[in-house]
Structure formats: structure tokens, C-alpha cells
Amino acid sequence: MSFERIKEKLTILADAAKYDVSCSSSGSNRTNKNKGLGDSTGMGICHTYTEDGRCVSLLKILLTNHCIFDCAYCVTRKSNDIKRAAFKVQEVVDLTINFYRRNYIEGLFLSSGIFKNADYTMERLVRVAKKLRTEENFHGYIHLKSIPSASDELMAEAGLWADRLSVNIEIPSKKGLKLLAPDKNFDDFIKPMEKVKNEIIQYKEDRKLIKSTPKYAPAGQSTQMIVGATGESDFQVMKTANHFYRNYRMKRVYYSGYVPISTDNRLPQLGTAVPILRENRLYQTDWLMRFYGFNIDELLNKETPFLDLKVDPKLSWALRNPHYFPIDINKASKHELARIPGIGLKSVHKILQARRFRKLTMDHLKNIGVALNRARYFVLTANRSYADLGQNPSIIRAKILSNSTSKFRNQTTNQLSLFSS
Amino acid sequence: MITLKYDGTFKGLLCSIFYAFGRRQDEFNIQHKNINQNSLWGQDITITTETHKAHRVLEGLKKTVGSGGVSILYRSFLSEEQGIENDILHALKSIYTSGPESIKDHTDPQILRLHKVVKMVNRERHRMEAFVRFRLTKDEVYFASIEPDFDVLPLIKKHFHSRYADQRWLIYDMKRDYGLYYDLNKVERMQMTFESNFDATKTSDHIFTLEEIAFQELWKEYFSSTNIASRKNTVLHVRHVPKRYWKYLSEKQAV
Numbered sequence: 037m038s039f040e041r042i043k044e045k046l047t048i049l050a051d052a053a054k055y056d057v058s059c060s061s062s063g064s065n066r067t068n069k070n071k072g073l074g075d076s077t078g079m080g081i082c083h084t085y086t087e088d089g090r091c092v093s094l095l096k097i098l099l100t101n102h103c104i105f106d107c108a109y110c111v112t113r114k115s116n117d118i119k120r121a122a123f124k125v126q127e128v129v130d131l132t133i134n135f136y137r138r139n140y141i142e143g144l145f146l147s148s149g150i151f152k153n154a155d156y157t158m159e160r161l162v163r164v165a166k167k168l169r170t171e172e173n174f175h176g177y178i179h180l181k182s183i184p185s186a187s188d189e190l191m192a193e194a195g196l197w198a199d200r201l202s203v204n205i206e207i208p209s210k211k212g213l214k215l216l217a218p219d220k221n222f223d224d225f226i227k228p229m230e231k232v233k234n235e236i237i238q239y240k241e242d243r244k245l246i247k248s249t250p251k252y253a254p255a256g257q258s259t260q261m262i263v264g265a266t267g268e269s270d271f272q273v274m275k276t277a278n279h280f281y282r283n284y285r286m287k288r289v290y291y292s293g294y295v296p297i298s299t300d301n302r303l304p305q306l307g308t309a310v311p312i313l314r315e316n317r318l319y320q321t322d323w324l325m326r327f328y329g330f331n332i333d334e335l336l337n338k339e340t341p342f343l344d345l346k347v348d349p350k351l352s353w354a355l356r357n358p359h360y361f362p363i364d365i366n367k368a369s370k371h372e373l374a375r376i377p378g379i380g381l382k383s384v385h386k387i388l389q390a391r392r393f394r395k396l397t398m399d400h401l402k403n404i405g406v407a408l409n410r411a412r413y414f415v416l417t418a419n420r421s422y423a424d425l426g427q428n429p430s431i432i433r434a435k436i437l438s439n440s441t442s443k444f445r446n447q448t449t450n451q452l453s454l455f456s457s
Numbered sequence: 057m058i059t060l061k062y063d064g065t066f067k068g069l070l071c072s073i074f075y076a077f078g079r080r081q082d083e084f085n086i087q088h089k090n091i092n093q094n095s096l097w098g099q100d101i102t103i104t105t106e107t108h109k110a111h112r113v114l115e116g117l118k119k120t121v122g123s124g125g126v127s128i129l130y131r132s133f134l135s136e137e138q139g140i141e142n143d144i145l146h147a148l149k150s151i152y153t154s155g156p157e158s159i160k161d162h163t164d165p166q167i168l169r170l171h172k173v174v175k176m177v178n179r180e181r182h183r184m185e186a187f188v189r190f191r192l193t194k195d196e197v198y199f200a201s202i203e204p205d206f207d208v209l210p211l212i213k214k215h216f217h218s219r220y221a222d223q224r225w226l227i228y229d230m231k232r233d234y235g236l237y238y239d240l241n242k243v244e245r246m247q248m249t250f251e252s253n254f255d256a257t258k259t260s261d262h263i264f265t266l267e268e269i270a271f272q273e274l275w276k277e278y279f280s281s282t283n284i285a286s287r288k289n290t291v292l293h294v295r296h297v298p299k300r301y302w303k304y305l306s307e308k309q310a311v
């Protein structure tokens, strides 16, 4: 293969793929068989981090950036005047294998612009994955993009070779989609998603009866939404996320702060700051919903449609619900402990173990790793001090803010004015 | 206080523990024999490492604290942190006086230290699973040099064994001067003698294939193309990839 030509393609097609934020390589259970190459049984591994601090786990590229669609938010849109390139199937296979052998990556994340039509594109993505599995005996991680409106037959095959499949809905509301991607239809996104969901359920059922049933997309499905391109509120974004978690059994929903790439006046203009802090708060909310037992309505609702950018969403909830507190560290259930600001799930676990030996004091909490600057206003411990309790939430909020140095501190002021415009 | 001098191996530590448990009325300080810190008053005893004794202690430990407990003791030992042997001894004493649950007592400062150290060792293990960069030599061996903060090679052996089953590889700890070599059948611990002018941070075409140099180019190209300049965040970047690891990371080498 010609390295110079490959290098040029790689530059173009990695650059075009980088706005897809998914980098997960975990959750699969593919073991190395017959002395092949690779194994994806363990947790995901971030092999390096780009200078913007994002993890590099997979070789994330487009098969091609030729595209018949003209979605305003997308850098690959038809009307954009950029260099175009396309990989051959074998080139992607060779790159993946050689990167993997050097321990650069956990596997491949292959997406594509849509050329000719959906099935033509999907068929090529499937061919890459099949080749890796059958010809190269590759057991590393493969994430394929499900091309909107791809046929059921192709989706049924894609899951046999891939660990994860994803469709990015990108725009959290139908209205926004109509505005920015008029030639796309919301149902086209749902179609492959629905098919994959049903296949996963079917294969799981089959495996109960026949143990040798092959794996189908063992790492499940994920999707992504762009945040800050259209005017959706955090409540709308998280409601949509919740919908996909519940109805399509998504493993992950990703939130991608919009990076301005276009002078299109339907979108934030070039040079507008990427809403990194908002993105961070959305992820925190996502975690609270999935692991901390919070309902979306507790965190976001009609009265509070936006997250507080200055404090984390759990603290924000606690300040709105002072009647839940104080919580007694030495008596509270796991569920209650997880709701205390400044206490993460690992600390909850340690508290549950440690309190069997003796009554826990503030010092114990500190050594365990609890963020006392937040937790102190909400907990009772063995050396109970009431000094911090029962204060007015707005006073607590002010105290916490003045005692903490958030890495985002100098951003909050600009960002707030950005969202209100 | 009696100081037990051992040879720095885990087996040696187990034998020291065996000795200490034989004389429970005494207070002990377990120390690597290379540490020259003789106590002013008190006595030094040199422990001989005996495999069968170490084995007995290990079997006994497995029964009391299970493999999870043993793993906490072993991993904290691999940290090579000063004085960690005494925290291990302390943990074992409280296990034998108050029951196996004591290993979970996060309110005991010495046990808490073990857990913290294990966390550090595990992070280093995970880092090495990520930061190993194989380079193909002309002898068709994928070679990687590392300098981990802790002695984690024994912990990453299985990971690389099950992953790279169809290529010969060698991961070498330059700091501790030993490596793991896989010959397509088994993984073995080995020691290398490098030429005096060998620089592990460089990929010279005397040792490595031309294809290797080309793939490093492609990897570097990928690394820079996948970056989003408008989200630049150097603090975060360096937190995830601390500078001390850069010298063996192909993507961080100047072209």
C-alpha cells in the first residue's frame, strides 16, 4: 500500500469523523479464539488523549466524506467546499490491524458519509467488519454506524460482526431536525435503531435455548445529540435521552457541544465558544439518572428547564429540596447516601463497609474521599456539629461557590449570557 | 522492635510474615535488605526466602481473606512504597484478631493506606495496558519499552497474553531491568542485554522495520487529525497523559 496516499486519506477522514464523541470500547464480551488477534472482554481502554483532552480508544474514521445530504450542522454536508476522499475496504482493514498490533487502539469505529444511497453505504461498512472478523481473525472492538433508513437485512448482518451499532439522531427535536436537515426524516433514524433493538432481544432469547447462538452487537447501541446548535432546553435534551434509554435500551447517549463549522445563519456563528460546561452538566445529569436513582423530573422540569451551570446537578437538586436533609451517614440507606452532594458511588460503597466497624465522623468521611466542602451542609455524623446544617439554601450555595475553585469558573459568566440570547 | 530484612520479593515478604506470626508477642519492622537503616537499639534478623513456607502462608491467606484479599496485599506490595510491608503486616494482624472483614475497615489508617496504594497500582496497571506502544523489529518481535511508577508487569501479563496471541512480543521495564516475552506459546520473564548505544526512545532503522516507521507516521497523523483545536484543553490532556510517559509514546515524539 502507498503510505503517502493513505496518509492523505487518513488526514481527511479522521478529521471528518472527530465530531462523533463516542469513544467507548467497553461492554463487549468477545474473547480471543484460535490464537487470533485481539480481545474485547475487559473494560475499555483509552490509549491516549488528544490535546483537547478527549480519549482515543478506537480508530475513528469515515469510510468516505462524500455525502448526498446537506445537513447544516455537519462538516461533511454536500454544499461544503472541502477536500473529499474515500478509503477502500482493504485499506481500512489494514490500518485497523496494524494499529491494533501496536497497541494504539482497541478497535475500529467506522462511520461514513452517505454516497449513492443508504444501503450501498451500509453494505460497505458491513463488509469491512466482516473482513476483519472472518479473514483477519480479529476479536478487537468494532463500532459501526447504522446508516439511517438502511435495510433490515443489512442491519441484521451488521450486528453479527460489530460489537456496537449507533445512529446519531444529532438534533434533539423533530422541529430542529426539520430546520437543519430538511431532507432527513426522523423516522429514518428510528428504523435501524428499532431493528437492532429487536435483533438484540431475539438473539438473547435464542441463546437461552441454544447456547451456540452467535453474538449480536454485544455492546449494544448508542446515539448522540448535538447540544447548543438549536434552541432546545436541557429538559428537552434529557427527556429525549431518557426516551432513548427506556424505549431503545441504549447503552449510552452522548452529548456533543456544537463546534461551529459553518456560516449558515440557522446556526451559532463561527468563533462562538463550544458549550463545554453545559455538555459536562448534561453528562452529570445522565449519570444521576442511570446510576444514582434519580428521576429526570427531579433534576429538570417545566419550572427548571435549564441546569445550573455554576453548581453540579445533584447539589442543585439538594438545594431545591432541603426537606430531604440532613441525612445521617451512620444510618442512611445506600439509596439515600447516593443523593448527598459531594458523595459519589465509590464513597457510598466505602461508607457502607466502614460504618460496620465504628460510627463515622467527619474525619473518616474526609479520609474516605468525600467532598466535604459540599457534603458538610447535608450530613449528620458521629461527631455531629449542627453549625453547618439547616441554613438557607441560597446561603449554602454562596458558601460552596466561594470555597471552591471550579475549573470552569472563568467560563460561567460568558456561557450564561450565551444561552440566554 | 525487631527488624526483619527480606530480599524484596513477595515470597520473601510472606516468609517474613510467617516469622512474625511465629512470635506474636514481639513487634516487628519488615524492611527490604537493601535499605540501610539499622535501628539504634533493637535487633536485625535476615529472613531466608523459602518457597514452601511462602506457599503455606499464601494458602492460609487465601482461606481467610479469599483471593480478593490476597490481591489487595499483593498489589500493595508491588507499589514498592516505603513501609508498605508494615501496613500489610498490620492488616494481617487485625484480620487474625478481629476477623477477615477487617480488610474493609476504611477507618483504620494503615488499612486505608493499603486501599489507596492498591488504587494507585491499579491505575498504573491500567495505564500500562494503554500506553504500551509496540514497535516491530527486524527480528519480527513487537517490542515495547516502559518505565511504570510501580512494578506492574506481573499484573498486565494476562491482558497482553490473551490479546496478542498471534504475534511475538516483548514488553520491557527499563527501570527495573526485566521484561515479559511471548514466543507464540508462553509468556516468560526475561532479562536483556542492550547494546551500549541503544536508545529505547528512538526508532532506528537498524533495529526496526521500515514499515514500522511508516505506521508511526500514520499514527501521529491520526493523532493530530482527530484533535479538535477549538476545544484545546492542555491541562486535561496532561492530566490524562502525564509528561513522564511521553518518551515512549509514539504519538508524542517529534517527527
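Protein chains in written order, with the numbering used here: chain A, 37 to 457; chain B, 57 to 311.
No residue lacks a Cβ here, since even glycine has one placed at the ideal position from N, Cα and C.
Query, Result
"Option in Phe135(A), Ser76(A), Pro377(A), Ile376(A) with minimal Cα separation from Ala270(B)", "Phe135(A)"
"DSSP three-state assignment for Phe174(A), whether helix, strand or coil", "strand"
"Chain A contact residues for Ile284(B), given Cβ-Cβ distances below 7 Å", "Lys54, Asp88, Val295"
"Between the CA atoms of Thr157(A) and Glu230(A) - distance to the nearest angstrom", "19 Å"
"Closest residue to Lys211(A) among Val273(A), Ala50(A), Thr340(A), Val162(A) (Cα-Cα distance)", "Val273(A)"
"Minimum Cβ-Cβ distance from Gln389(A) to chain B less than 7 Å", "yes"
"Between the CA atoms of Ala122(A) and Ile42(A) - distance to the nearest angstrom", "10 Å"
"Cutoff 7 Å: Arg394(A) Cβ touching any chain B Cβ", "yes"
"Closer than 7 Å to chain B by CB, Ile81(A)", "yes"
"Cutoff 8 Å; reference Arg120(A); Cβ partners in own chain excluding five residues on either side", "Ile48, Thr100, Asn101, His102"
"Within 8 Å of chain B by C-beta, residues of the stretch 122 to 150 of chain A in sequence order", "Leu131, Asn134, Phe135, Arg137, Arg138, Asn139, Tyr140"
"Asp88(A) beta carbon less than 7 Å from that of Lys288(B)", "yes"
"N- and C-terminal bounds of the alpha helix (DSSP H) containing Asp270(A)", "270 to 283"
"is_contact[Phe6(A), chain B] using C-beta, thresh 7 Å", "As shown, chain A starts at 37 and ends at 457. That puts residue 6(A) outside it, with no answer to give."
"Min CB distance Leu388(B) to chain A below 7 Å", "Since the first and last residues shown for chain B are 57 and 311, residue 388(B) lies out of range."
"Asp100(B) burial status per 10 Å Cβ neighbour count (16 or more: buried)", "exposed"
"Near-chain C residues of the stretch 180 to 196 of chain B - C-beta to any C-beta below 8 Å", "The structure shown has no chain C; the protein chains it does contain are A and B."
"Where the beta strand (DSSP E) containing Met246(B) begins and where it ends", "243 to 246"
"Residues of its chain near Val243(B), where Cβ-Cβ distance is below 6 Å and the 5 sequence neighbours each way are ignored", "Lys213, His217, Leu236"
"Ala147(B) at chain A interface by Cβ criterion, 7 Å", "no"
"Own chain partners of His293(B) with C-beta closer than 7 Å, once the 5 adjacent residues on each side are dropped", "none"
"Residue closest to Phe250(B), alpha-carbon to alpha-carbon, out of Asn241(B), Leu266(B), Asp233(B)", "Asp233(B)"
"Where Lys395(A) falls: helix, strand or coil (DSSP)", "coil"
"Neighbour list for Thr84(A) in chain B, Cβ cutoff strictly below 9 Å", "Ala186, Phe187, Phe279, His296, Val297, Leu305, Glu307, Lys308"
"The stretch 256 to 274 of chain B: positions lying closer than 9 Å to chain A by Cβ", "Glu267, Glu268, Ala270, Phe271, Gln272, Glu273, Leu274"
"Closest residue to Asp222(B) among Glu241(A), Gly74(A), Ser202(A) (Cα-Cα distance)", "Gly74(A)"
"Whole-angstrom C-beta distance between Glu315(A) and Met261(A), which should lie under 8 Å", "In fact, because the Cβ distance is near 10 Å, the residues do not count as touching under 8 Å."
"Span separating the alpha-carbon of Gly405(A) from that of Phe254(B)", "44 Å"
"Span separating the alpha-carbon of Leu226(B) from that of Ser202(A)", "36 Å"
"Minimum Cβ-Cβ distance from Lys43(A) to chain B less than 7 Å", "yes"
"Contact check, Leu313(A) vs Leu345(A), beta carbons under 7 Å", "yes"
"Environment of Gly307(A) [buried if 16+ CB atoms lie within 10 Å]", "exposed"
"is_contact[Leu168(B), chain A] using C-beta, thresh 7 Å", "yes"
"Same chain, Cβ closer than 6 Å to Phe271(A), five either side skipped, listed in chain order", "Leu336, Pro341"
"Beta strand (DSSP E) runs wholly inside the stretch 81 to 169 of chain A, at least 3 long, in chain order", "94 to 98, 143 to 147"
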